[in-house]
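**Q**
Number of protein chains: 2
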Amino acid sequence: MTRVSFRQQILRVREDAIVASVNRLLAEKGFDLMTVDEVAADVGIAKASLYKHFPSKEALAAAAMVRVLEQGWARIEALGAQQALAPADKLREVVRWCVGKLLAGEMPSLPSQNSSLRAELVGSMPFMDLLMRVSERLGEWIVAAQQQGAIDPGLPSDLVLYTVFARACDPVPPVLRATGRHDDAEIVEWIVATCFGGLAAR
Amino acid sequence: MTRVSFRQQILRVREDAIVASVNRLLAEKGFDLMTVDEVAADVGIAKASLYKHFPSKEALAAAAMVRVLEQGWARIEALGAQQALAPADKLREVVRWCVGKLLAGEMPSLPSQNSSLRAELVGSMPFMDLLMRVSERLGEWIVAAQQQGAIDPGLPSDLVLYTVFARACDPVPPVLRATGRHDDAEIVEWIVATCFGGLAAR
DNA sequence: GTCTATAGCCAGATAGAC
DNA sequence: GTCTATCTGGCTATAGAC
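Now the structure itself:
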């Protein structure tokens, strides 16, 4: 009994290590340029062993996406508990979190066009479930913020949702950092400011 | 004499056809998923013939980028001639143009991480030259708009420039269109509105 | 479940005839 | 310059021993 549980724990730890490597490599190079050989080398096991844990490269990417969605969901639940925070401020915090992850090199980037990858993701119950949960919760905040007038009620709420999501793959933060003229904290605040306030002066 | 010129014209037309195909395929599938076989089939010539015109897949992509930058530059010069237009409104027009191209399936999308592609682009004189010209002209408009107070003077001008450029690869317009709930004209206006006005109510 | 070795495939690039 | 046919390398995935 305890032996089985122990073995499962070992397994769990190893798979966590794999997914962490995949996450980092996906953030660094993207799905197409990441190779399974690289992942195996990074984890320190043979490629064939990798395939005992995950049946395909797409499944690896899906696992990484689930991992980051779990972290995001945890952040969202923590924000939900803070009743003093207005819905619009919770959305701001979500954007802050996304950009922070992005700049930390911890936000996996997937090509939206790859069809085999799309199929894997929509077929993944944990992924779709988490994506739904996150979308619905953010959707509630958006509607509430629009009713309070903190988010423009003239904008369709799906536009607002996608605009928030898109901060997770915004090319601007990495490019800004690459100039070497700004530090990460500044960049995060500017992205939040332009996302909600726009480029035009108030 | 005229024979040489005639032949060169034929060549020019054929290469235009190639670059047009590459442009469309890059917009549709992106660099990694676009294959040279596909390009050849789309143009209607053999792959080996393609390689007589362009030495590599990267060179094909670079040519497509040059083409779209030329079109963008033409738009920018046309806008520059309209002295009645305020700098901030010219920037709005540039964003409108980018999103329109994107929704029309005419904006090539390149992975920012691919290093061989980056090398090809920075090594391409026509590309770098056009990119510089475009960046400098937009930079002038940005500074002017900030002095007039139409663009927030507190934002660094490079942030503003990159934010405008990023509308050319914004994932939001395609996703919004995919919902089927909005038409292209609406989407363009919403992107312009959120880019300059933000999500928050004024 | 871990490894080494390899199968199978696909895409970028080229050879060589015309 | 165009073609057909082919080379070459790298990548996903698997076979099979331990």
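Protein chains in written order, with this note's numbering: chain A, 29 to 230; chain B, 29 to 230. Just so it is clear, CB atoms sit at the ideal spot from N, CA and C, and this is done for glycine as well.
1. Counting only C-beta atoms, is VAL150(A) closer than 9 Å to chain B at any point?
2. Per DSSP, what kind of secondary structure is ILE170(A) in: helix, strand or coil?
3. Once the 5 residues before and after ASP212(B) are set aside, which same chain residues still bring their CB inside 6 Å of it?
4. Give a yes or no on whether 9 Å exceeds the smallest Cβ distance from HIS210(B) to chain A.
5. For ILE104(B) and chain A, any beta-carbon pair shorter than 9 Å?
6. Three or more beta-carbon pairs under 8 Å between the stretch 92-99 of chain A and the stretch 169-176 of chain A, yes or no?
7. Taking the straight line between their C-alpha atoms, what separation do you get for ALA40(A) and VAL47(A)?
8. Any Cβ of chain B within less than 9 Å of the Cβ of ASN142(A)?
9. Below 8 Å CB to CB, which residues in the same chain sit around VAL50(B) once its five sequence neighbours on both sides are set aside?
10. Let me know the secondary structure DSSP gives ILE179(B) once reduced to three states.
11. I need the boundaries of the alpha helix (DSSP H) containing ARG209(A), first residue and last residue.
12. Cα-Cα, which of CYS223(B), VAL203(B), LEU187(B) is closest to ARG209(A)?
13. Since TRP115(A) meets chain B, which of its residues come closer than 7 Å, beta carbon to beta carbon?
14. Hey, is PRO136(A)'s beta-carbon within less than 9 Å of any beta-carbon in chain B?
15. Could you name each continuous alpha helix (DSSP H) segment of 4 residues or more that falls completely within the stretch 63-94 of chain A, going from the start of the chain to the end?
16. In terms of residues, what are the limits of the alpha helix (DSSP H) holding GLY151(B)?
17. Which same chain residues, not among the five before or five after CYS197(A), have their C-beta less than 8 Å away from its C-beta?
18. Kindly indicate which residue of ILE219(A), GLY100(A), VAL123(A) has the alpha-carbon position closest to the one of SER161(A).
19. Could you check how far apart the C-beta atoms of ARG195(A) and VAL123(A) are, in whole angstroms? I think they sit under 8 Å.
20. So if DSSP puts ALA228(A) in a beta bridge, which residue, or which two residues, is it bridged to?
21. So ALA178(B) packs on ALA228(A), CB below 8 Å; how close in whole Å?
22. Do TYR190(B) and VAL216(A) count as a contact pair if the criterion is CB distance below 9 Å?
23. Got a sec: which bits of the stretch 55-72 of chain B sit with their beta carbon under 8 Å from any beta carbon on chain A, in order along the chain?
24. Along chain B, which residues have their Cβ under 9 Å away from the Cβ of VAL200(A)?
25. Verify whether the separation of the beta carbon atoms of VAL56(A) and GLY133(A) is less than 9 Å.
26. Please return the same chain residues whose Cβ sits closer than 6 Å to the Cβ of LEU107(B), not counting the five positions on each side in sequence.
27. For a contact meaning CB atoms closer than 8 Å, what does PRO83(A) contact in chain B?
28. With distances taken Cα to Cα, identify the nearest neighbour of GLU86(B) among GLY225(B), LEU159(B), GLN141(B), LEU149(B).
29. Among GLU98(A), VAL127(A), MET156(A), GLU164(A), whose alpha-carbon lies nearest the alpha-carbon of CYS223(A)?
30. Can you round the beta-carbon distance between PHE59(A) and PRO139(A) to whole angstroms, since I take them to be within the 8 Å contact cut?
31. On the three-state DSSP scale, how would you describe LEU128(B)?
32. Based on Cα-Cα distance, which residue from PRO201(B), SER77(B), VAL32(B), PRO154(B) lies nearest to GLU98(B)?
**A** Taking the coordinates as given:
1. no
2. helix
3. LEU131
4. yes
5. no
6. no
7. Note that residue 40(A) corresponds to Arg in the displayed sequence, not to Ala. For ARG40(A) and VAL47(A), the distance between alpha carbons rounds to 10 Å.
8. yes
9. MET62, VAL67, LEU88, ALA89, ALA91, ALA92, PRO136
10. strand
11. Run containing ARG209(A): none; DSSP gives neither H nor E here.
12. LEU187(B)
13. Contrary to the premise, residue 115(A) reads as Pro rather than Trp in this sequence. Near PRO115(A) there are no residues of chain B at all, since even the closest Cβ is about 12 Å away, more than 7 Å.
14. no
15. 64-71, 75-81
16. 143-151
17. LEU130, MET135, SER137
18. Note that residue 161(A) is Arg in the sequence shown, not Ser. For the residues ILE219(A), GLY100(A), VAL123(A), the minimum Cα distance to ARG161(A) belongs to GLY100(A).
19. 5 Å
20. ILE179(B)
21. 6 Å
22. no
23. GLU56, LYS57, GLY58, ASP60, LEU61
24. LEU187, TYR190, THR191, PHE193, ALA194
25. Looking at the sequence itself, residue 56(A) is Glu, so the reference to Val does not match. Yes, these two residues count as a Cβ contact at 9 Å.
26. LYS118, GLU121
27. Residues of chain B passing the Cβ test: none, with the nearest at roughly 22 Å.
28. LEU149(B)
29. VAL127(A)
30. 6 Å
31. First, the amino acid is wrong: residue 128(B) is Gly here, not Leu. Correct three-state label for GLY128(B): helix.
32. PRO154(B)
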